[in-house]
Amino acid sequence: MIPYGHQNINQDDIDSVVNVLKSDYLTQGPQVPLFESSIATLTQARFAVASSSASAMLHVACLALGVSKGDRVWTSSITFVSSANCALHCGAEIDFVDVDISTANMCPKALELKLQLAEQGGTLPKVIIPVHMAGHSCNMEAIGRLARQYNIKVIEDAAHGIGGYYQGRAIGCCQYSDITVFSFHPVKIITTAEGGVATTNDAELAKRMRLFSSHGITKEIEQLVRPDEGDWYYEQQHLGLNYRMTDLHAALGNSQVHRIGDFIERRHQLVARYQQLFVAMNLKVVTPLSDSVSAYHLLIIQLPDCVDRKFVFNRMREMGVCVHVHYFPVHLQPYFMDLGFKAGDFPNAEHYYQHCLTLPLFPDLTFEQQDEIVTSLKGLV
Ligand SMILES: *Cc1c(COP(=O)(O)O)cnc(C)c1O
-9 MIPYGHQNIN
1 QDDIDSVVNV
11 LKSDYLTQGP
21 QVPLFESSIA
31 TLTQARFAVA
41 SSSASAMLHV
51 ACLALGVSKG
61 DRVWTSSITF
71 VSSANCALHC
81 GAEIDFVDVD
91 ISTANMCPKA
101 LELKLQLAEQ
111 GGTLPKVIIP
121 VHMAGHSCNM
131 EAIGRLARQY
141 NIKVIEDAAH
151 GIGGYYQGRA
161 IGCCQYSDIT
171 VFSFHPVKII
181 TTAEGGVATT
191 NDAELAKRMR
201 LFSSHGITKE
211 IEQLVRPDEG
221 DWYYEQQHLG
231 LNYRMTDLHA
241 ALGNSQVHRI
251 GDFIERRHQL
261 VARYQQLFVA
271 MNLKVVTPLS
281 DSVSAYHLLI
291 IQLPDCVDRK
301 FVFNRMREMG
311 VCVHVHYFPV
321 HLQPYFMDLG
331 FKAGDFPNAE
341 HYYQHCLTLP
351 LFPDLTFEQQ
361 DEIVTSLKGL
371 V
């Protein structure tokens, strides 16, 4: 079976993790701060805070921005469920903005109209969470302008996006946002097994994210209510969680982060080759905005109306190609329908979902496998 995504682990990665196992620290040693500074350097953000997953980091990012009961958070419906769940974990209400049908990213026009209505109704969100689907940047300039106009905070869900660029700057630089969150799950661009990092240019937000992901506890003497208690003393000032990254995970990240350029170059090479092989085929590839460079986490095609996606999906899997679907619209998940969402609420998201299919894309995919994938697909569309 050709998987749709797969990590690439080399001897350096293995050595990096094994060295930590032989060291004094399995967690909270030197590897985590090193990984954080690598990500800050890569993205050109001032601060980076590591966590046990992107889902955890999205939760912490919402907590750091003060999201709580009575607040509203908006994200896009074409995403993994964590982009929405982070708001619910804070007791806030979740809502969605429809996507642009050609990119599956949050549509700035839909956002603008929804904001105008929300302003009239007094239901403006506190935070919006645009998602860079497949690694393709959202139109952050337009989203950022609207956020400023309405005084809304922005968290970029860049789980797919590390190593990508928008307007010549790295995704994660937070030019148009308050916080950007990356995932290092094995199918993503680089991996720490489980892991996530948030970047920000705001020192206070970085401090708060660190605090919330470590029990709400601090030992920083200048922050203590009781600075004279003694060296053993730590202080809980907020209700936090244990969402810390371990040194074992960070060690893998520290090795992987050096390889990101190679990974992305290979992904681009494979995407260009897919594009050539698709010529004369009746399908659309979901492509990035012209002023961006995608990390190409996923290669997503849109099948024409006349093609039965489920049939194509099943036949491809029977032929040994593990195609996938990203994503079932979150607002139609039973849990979210119980909150009141229904079919028809976000028509572009639903239309996109009906036609999308993810083809295998990962650095170790060979040209031969790629030919096999496209040949299998050709017989079906
Ligand atoms: C993978 C993913 C997440 C969650 O990442 P984890 O590190 O697995 O928690 C969040 N949002 C999107 C869009 C993702 O693809």
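Sequence positions in the sequence shown follow our numbering and run -9 to 371. Cβ atoms here follow ideal geometry from the backbone N, Cα and C, with glycine treated the same way.
Contact under 8 Å by Cβ, residue i with residue j
{"i": "Ile152", "j": "Ile169", "result": "no"}
{"i": "Arg249", "j": "Ile180", "result": "yes"}
{"i": "Val57", "j": "Lys99", "result": "no"}
{"i": "Leu136", "j": "Leu105", "result": "yes"}
{"i": "Cys312", "j": "Pro350", "result": "yes"}
{"i": "Leu288", "j": "His316", "result": "yes"}
{"i": "Phe86", "j": "Ser66", "result": "yes"}
{"i": "Thr33", "j": "Asp147", "result": "no"}
{"i": "Gln292", "j": "Cys346", "result": "yes"}
{"i": "Leu48", "j": "Cys76", "result": "yes"}
{"i": "Asn246", "j": "Asp3", "result": "A quick correction: the sequence has Gln, not Asn, at residue 246. Yes, Cβ-Cβ distance for Gln246 and Asp3 is below 8 Å."}
{"i": "Val276", "j": "Ala94", "result": "yes"}
{"i": "Tyr224", "j": "Arg216", "result": "no"}
{"i": "Asn232", "j": "Val371", "result": "no"}
{"i": "Gln226", "j": "His205", "result": "yes"}
Pick from the options that is closest to residue i, judged by C-alpha positions
{"i": "Glu194", "options": "Leu370, Val311, Ala54, Asp14", "result": "Ala54"}
{"i": "Ile161", "options": "Cys128, Ser203, Val50", "result": "Cys128"}
{"i": "Met130", "options": "Tyr343, Pro23, Asp281, Gln21", "result": "Asp281"}
{"i": "Phe202", "options": "Ala51, Phe25, Asn9", "result": "Ala51"}
{"i": "His341", "options": "Pro23, Leu229, Val89, Asn(-2)", "result": "Val89"}
{"i": "Leu101", "options": "Val63, Ala82, Leu24", "result": "Val63"}
{"i": "Lys12", "options": "Asn(-2), Tyr286, Leu238, Glu362", "result": "Leu238"}
{"i": "Ala188", "options": "Met199, Leu114, Lys178", "result": "Met199"}
{"i": "Gln359", "options": "Gly310, Gln213, Val371", "result": "Gly310"}
{"i": "Tyr156", "options": "Tyr(-6), Val283, Asp3", "result": "Val283"}
{"i": "Thr190", "options": "Ser204, Met96, Tyr166, Glu212", "result": "Tyr166"}
{"i": "Cys164", "options": "Lys332, Pro120, Gln265", "result": "Pro120"}
{"i": "Ile84", "options": "Gly112, Ala74, Asn232, Ile91", "result": "Ala74"}
{"i": "Val320", "options": "Arg307, Gly334, Glu308", "result": "Gly334"}
{"i": "Phe301", "options": "Gln344, Thr182, Asp14", "result": "Gln344"}
{"i": "Gly125", "options": "Val171, Tyr325, Ala82, Ile133", "result": "Val171"}
{"i": "Leu279", "options": "Asp5, Gly154, Val7, Asn(-2)", "result": "Gly154"}
{"i": "Phe336", "options": "Ile91, Gly369, Ile142, Ser204", "result": "Ile91"}
{"i": "Ile290", "options": "Asn304, Phe268, Glu308", "result": "Phe268"}
{"i": "Asn141", "options": "Glu109, Met123, Ala149, His150", "result": "Glu109"}
{"i": "Thr236", "options": "Val276, Ala183, Gln227", "result": "Ala183"}
{"i": "Asp0", "options": "Asp252, Tyr325, Arg307, Thr365", "result": "According to the sequence shown, residue 0 is Asn rather than Asp. Nearest of Asp252, Tyr325, Arg307, Thr365 to Asn0, Cα basis: Asp252."}
{"i": "Asn338", "options": "Ser28, Asp14, Cys97", "result": "Cys97"}
{"i": "Asn(-2)", "options": "Tyr286, Lys178, Ala270", "result": "Lys178"}
{"i": "Met(-9)", "options": "Ser41, Ser204, Glu308, Ser28", "result": "Glu308"}
{"i": "Pro(-7)", "options": "Met306, Ala270, Val371", "result": "Met306"}
{"i": "Asp221", "options": "Gly369, Gln227, Glu210", "result": "Glu210"}
{"i": "Ala30", "options": "Arg299, Asp192, Phe326, Asp328", "result": "Asp192"}
{"i": "Ala149", "options": "Ala285, Arg299, His(-4)", "result": "Ala285"}
Those residues which DSSP pairs with residue i across a bridge
{"i": "Arg62", "result": "Glu83"}
{"i": "Gln34", "result": "Looking at the DSSP assignment, Gln34 forms no beta bridge with any residue, so it has no partner."}
{"i": "Leu242", "result": "According to DSSP, which records beta bridges pairwise, Leu242 is partnered with nothing at all."}
{"i": "His314", "result": "Thr348"}
{"i": "Gly134", "result": "In DSSP, Gly134 forms no bridge with anything."}
{"i": "Ala40", "result": "Val187"}
{"i": "Asp147", "result": "Val121, Val171"}
{"i": "Arg159", "result": "Tyr156"}
{"i": "Ile207", "result": "Gln226"}
{"i": "Gln292", "result": "Lys274, Cys346"}
{"i": "Thr17", "result": "Thr236"}
{"i": "Ala29", "result": "According to the sequence as given, residue 29 is Ile; it is not Ala. None; Ile29 has no bridge partner."}
Proximity test, residue i beta-carbon vs ligand 1 heavy atom, cut-off 7 Å
{"i": "His175", "result": "yes"}
{"i": "Glu184", "result": "yes"}
{"i": "Thr429", "result": "Because the chain here runs from -9 to 371, residue 429 falls outside it and cannot be looked at."}
{"i": "Ala74", "result": "no"}
{"i": "His314", "result": "no"}
{"i": "His150", "result": "yes"}
{"i": "Asp147", "result": "yes"}
{"i": "Tyr44", "result": "It is Ala, not Tyr, that sits at residue 44 in the sequence shown. Yes."}
{"i": "Lys197", "result": "no"}
{"i": "Val121", "result": "yes"}
{"i": "Lys178", "result": "yes"}
Cβ separation of residue i and residue j, assumed to be a contact under 8 Å, to the nearest whole Å
{"i": "Arg256", "j": "Pro176", "result": "Actually they are not in contact, since the Cβ atoms of Arg256 and Pro176 sit about 16 Å apart, beyond 8 Å."}
{"i": "His314", "j": "Thr348", "result": "4 Å"}
{"i": "Gln21", "j": "Ala196", "result": "With 8 Å as the limit, Gln21 and Ala196 do not qualify as a contact, their Cβ atoms being about 19 Å apart."}
{"i": "Glu26", "j": "Ala44", "result": "About 15 Å; that fails the 8 Å criterion."}
{"i": "Gln18", "j": "Arg234", "result": "7 Å"}
{"i": "Gly186", "j": "Ala46", "result": "6 Å"}
{"i": "Leu24", "j": "Asn244", "result": "6 Å"}
{"i": "Ala82", "j": "Asp61", "result": "4 Å"}
Neighbour flag for residue i against chain B, beta carbons, 8 Å
{"i": "Ile179", "result": "This model lacks chain B altogether; it includes just one protein chain."}
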